[in-house]
Amino acid sequence: MNFLKRYLIPRLLQYLLVSFLGLSAVFLLPRFLPIDPIQQRIAQYQTFGVIIPPDQLEYMISTLRSLFGLEGTLWQQYVMFWQRLFSWDFGPSLARFPTPVSTLIAWHLPWTLGLLISATVIGWLVGTLVGGVAGYYHRSRATRLLEGMAMVVRPIPYYILALLLLILFTHVFPLLPRGGGIGIGVAPEFNLAAIWSILLHAALPALTLIIGGIAEHFQAMKLIVQTSRSEDHVWYARSAGVKDETVVFHYVIRNAMLPRITHLGLTLGVVFSGALITEIVFRYPGVGLLLYNAVMHGDYNLIMGISAISVMVITTLILLLDLLLPLVDPRVRHQ
Amino acid sequence: MSNRGVVLRTEQLKTSYVLHAFGRRVVVKAVDGVDVTIGKGEVLGIAGESGCGKSTLIKALFANIEPPLQHIGGKVLYQVNGAGVDVLSLRPQERRRFLWKFVSYVPQGSMSILNPVRKLRATFQDFLASHVGGQRAKEALAITDRHLTELGLPIKVLDYYPHQLSGGMRQRVTIALATLLQPEVILADEPTTALDVVVQRGTIQLLKEIQERWGSALVLVTHDMGVQANIADRIAIMYAGKVVEEAATQEIFRNPQHPYTKFLIKSLPRFGDRSAKESAPGSPPSLAKLPGGCAFHPRCPHAFDACRERVPELVELEGNRRVACWLIGGEGGEAP
Amino acid sequence: MSGLLRDLFKDYRFIIAFGVVLGLLALSILSAFSPFDPQRALQVPRAQPPSWQFLLGTTWLGQDVFWQLTHAIRNTLAIALVASLTSRVIAILIGLVAGYRGGLVDRILMSVGDTTLVLPSLVILILASIFLREWLRDLVNLGLLLAFFAWAWDARVIRSQVLSLREREFTRVSILSGMGTIRLVVKQYLPFIMPIAFTTLINNMSWAIGMEVTLAYLGLGIDPSIPTIGNMLQVAIFRQALFMGFWWWLLAPVGTALLLFVSLYLLSVSLSEYLDPKARVQRIGLR
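Protein chains in written order, with my numbering: chain A, -4 to 330; chain B, 47 to 382; chain C, 7 to 293.
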């Protein structure tokens, strides 16, 4: 009971608060426009040579207003925003009228989540494991080589990494497909051919995220393990004869887990952004590509919808990680 | 020295920190030729200012020499079961079997040597696993329970994590862990410094109790002269990596011989003594740049030529004491 | 100061990074002497590969890649500087206030900060870029927008520093001797805080450059006719540079970006290792 009060509830409250603030920001931003999206849209139509008689104009403006969620006072809009949010209604997509935004997102989101979660987990696992071993044998040549590699790879932002991999594996060595999520003409069903096609197409985007993740987590874990050797409870246990396997697992790695998971949570925002941009480079059919197209076509509602969903995805993932912490660290469990 | 024989002895022990930074190599002589002898069941206090090398000395006694600390020369010899053991030249395997069983180390903070993510029972079992032959679980459990009870600790303590205990309780558990196999020698490095006064007293009592009950020798490093006065049989005063004076506790307090010891004793508050306290002028030298000759000479009011040129050796005086000073047992004069 | 530089030069990473950054800075200064107007097209023969006349070749739009690059570096660095300096100032201000005041003010500030940390900055930046498109055409404005996302982390770090400083003896002494709050904070705390803010400045610049390139790649960001590294990259990709075989056009911005990121990273790592108090202990005997 104590635990619930001390840990669980504050975390939940924080989750709700941050989500609330984030979504409100998503709501407020477009309303601070120096430009009116309605006028912008009208102007757009007019550049295509469409002539709109004045009475029709009024009707059009009010329709657009309701489509954009811009009718009424700011407060009314705010309330409506939240109402719609709870029913997953973001209005229709303007570029692919009248498909509702929520349908579009629902189709594309699984691709992003699949890519994001699997690539992040693999990158974290591999990076942490290799970093752990490297940290323990931190004087060996192999370790120094790996450290050097990580040092070069780590500052490279995801899109450049993506571009490099793209050029390397589709141009220089044409091994993998240039883009897309699945081969043209292959139906997304549960047969081997389809699954294989999906995996092939996901390979490069996933590789981008994985490489970035490995570099970062390798360095972090290596540092932790390296400094842990001088920590009192580690050297004391070793001097006193505690078995090596016990020391490595229970004294070094277990203690490193807490900061590792916290680190993962902190980087989620960045990794998510990275995933989106990677999708754009590889034309992978996730939310990133959807966002890109929405931006290109000025699809107001879709952009709003994606922003809102992104906020929710990240805060939820972080909450899940936060809930994982007490399972791993007794200091959190028994405050 | 006690009549029951020597249990630990060092021979010109030299350990230094060798640091490489920005292309330069600096050697910090933390322990610079130290000879100490400890008898069975004896309590030896090692005192001195911060930075005099006493912590490094005790680490070396426990063979905890990790880079950048290096063993430059000399030996640390334990006398165990009739055989001499040069702990610094043991192979890692042997050393691990030797340490903790015959020699144990009680560190400064109480939290630090307890693994924070492991229940205390598991930690105790980890330590016993390679010492209690065959790792018979029941036997290990019995040892632990019995030990804790003897030290007045509730057995329930084992079911907790370290952070769930109070500071005082943690310190007692740490001492229990350190002395689990009733070692011959206990090395305590500033065991009271990080604690409040009440807990300090309890810790000292506990150490004294253990030492008396099992006849272990205790080497106590602390700059707190009050604690030294309380439980040490003999005190060795360290300065700049060397032992400058060593005698029975009473003698050190009543009749200090070395000029540095004199300053040390004079600066201690005593009942009824209202005179102004003065400390030695200047400050201790950097262990990386020791002055030539006697390391204390820049601050010593009685320094003369020999002091600047040659390092004084420890000289045996009557009454079982040793002093390293040219004023005494050397050229330059009689005991002032 | 010279002692500091001398010590830093012993670190091979610092040397490499410093050299590269200096070189890039030199290039950006060179932009003032550019014989071509960076915003005009068709000034030189199109799509020429690198030669002695055109050091890095020319673009399909008839611009000299080398001189474009000098402008691009200059502009990108300018944006990054605006972003990171502004965010340092914000971080210091907020960190000081939150740390010293404590209580509700602290909670509110930190919650706002945490929110900017946790949210997907890219998405929100995209959102903002779309709706503030006109305002964002200016370099400085983009820098300011980026600064909004960069202060939260350091504000927290500074806040915890202030919290520990507040408990120290000298604070109580200062207050008891009548020092005003602002004077106390500025004179006493700032010297401790500055090094922290400075070491993260470089990381910040790296991030800002990354964001600028990303936004440009998406067609958002500043006026596309003003060359920045991001804009050069975007135009090259948009015009199918690779497909048409004009690899030099793409390589220039990509290569420069890579050099920038890696060298800035090495700089920040070597600097922060130097300033790390634990590493300082090792240098005690060296003076």
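Ideal Cβ placement from N, Cα and C applies to all residues, glycine included.
Source: prediction; values computed, not measured.
Any Cβ of chain B closer than 8 Å to the Cβ of Arg1/A would place that residue at the interface, and such an atom is absent.
Interface annotation, Ile208/C: not in contact with chain A, CB-CB separation never under 8 Å. At a cut-off of 8 Å between C-beta atoms, Thr273/A does not count as an interface residue with respect to chain B. If you compare the alpha carbons of His177/B, Lys288/B and Asn161/B with that of Thr61/B, the shortest gap goes to Lys288/B. Under the three-state reduction of DSSP output, Gly261/C falls in the helix class. When C-beta distances to chain B are compared with 8 Å, the residues of the segment 226 to 242 of chain A below that value are Glu226, Asp227, His228, Trp230, Tyr231, Ala232, Arg233, Ser234, Ala235, Gly236, Val237, Lys238 and Thr241, in chain order. Residue burial annotation: Glu230/B is buried, with at least 16 other C-beta atoms found within 10 angstroms of its C-beta. Inclusion of His133/A and Gly281/A in the CB contact set at 8 Å is not warranted, their separation being larger than that value. Between the alpha carbons of Arg316/B and Tyr280/C lies a distance of about 46 Å.
In this structure, the straight-line span from the alpha carbon of Thr82/C to that of Gly216/C is close to 10 Å. Going by DSSP, Ile84/B is part of the beta strand (DSSP E) stretching over Thr83 to Gly85. Listed by position along chain C, the residues whose Cβ is nearer than 8 Å to that of Arg149/A are Tyr271.
For Asp294/A, the CB contacts under 7 Å within the same chain, skipping 5 residues up- and downstream, are Ser88, Leu89 and Ala90 in chain order. For the segment 181 to 215 of chain B, the full-length alpha helix (DSSP H) segments reaching 4 residues or more read 183 to 196 along the chain. Burial is judged here by how many other beta carbons sit within 10 angstroms of a residue's own beta carbon; Ile304/A has at least 16 and is buried. Around the beta-carbon of Val13/A, 16 or more other beta-carbon atoms lie within 10 Å, marking it buried. Taken in chain order, the complete beta strand (DSSP E) segments of 3 or more residues contained in the segment 60 to 119 of chain B are 70 to 80, 83 to 85 and 89 to 93.
Contact between Leu314/B and Met271/B holds, with the beta-carbon distance rounding to 6 Å and staying under 8 Å.
For the segment 123 to 157 of chain B, the continuous alpha helix (DSSP H) assignments of 4+ residues that do not extend past its boundaries occur at 138 to 144, in sequence order.
When only Cα atoms are considered, Met299/A and Gly149/C end up about 24 Å apart.
For the options Glu140/C, Leu133/C and Leu152/C, the alpha carbon positioned closest to that of Ala289/A is the one of Leu133/C. Any Cβ of chain B closer than 8 Å to the Cβ of Arg326/A would place that residue at the interface, and such an atom is present. If you look at Ile177/A, you'll find it isn't in any alpha helix (DSSP H); DSSP assigns it neither H nor E. Within chain B, the C-beta atoms nearer than 7 Å to that of Arg249/A come from Val163, in chain order.
Annotated three-state conformation of Glu226/A is coil, per DSSP.
Taking the C-beta atoms as reference points, Ile277/B is found no nearer than 8 Å to Ile298/B. Collapsing the DSSP output to three states places Lys238/A in coil. Tyr54/A counts as exposed, since fewer than 16 other beta carbons sit within 10 angstroms of its beta carbon.
Annotated as distal: Asn127/B and His245/A, with beta-carbon spacing of 8 Å or more.
Taking a Cβ-Cβ cut-off of 8 Å, the neighbours of Tyr287/A in chain C comprise Leu224, given in sequence order. According to DSSP, residue pairing for Val45/A in a beta bridge does not occur.
For His292/A, the closest Cβ of chain B is not nearer than 8 Å. Taking CB atoms only, Thr82/C has no neighbour in chain A less than 8 Å away. The segment 115 to 194 of chain A contains, as complete alpha helix (DSSP H) runs of 4+ residues, the segments 136 to 148 and 153 to 161 (chain order).
Exclusion of the five residues before and after Gln221/A leaves Gly130 and His133 as the residues of its chain whose Cβ lies within less than 7 Å of its Cβ.
Annotation: the segment 282 to 338 of chain B contains the following complete segments of the alpha helix (DSSP H) (minimum length 4 residues), in chain order: 295 to 300 and 305 to 312.
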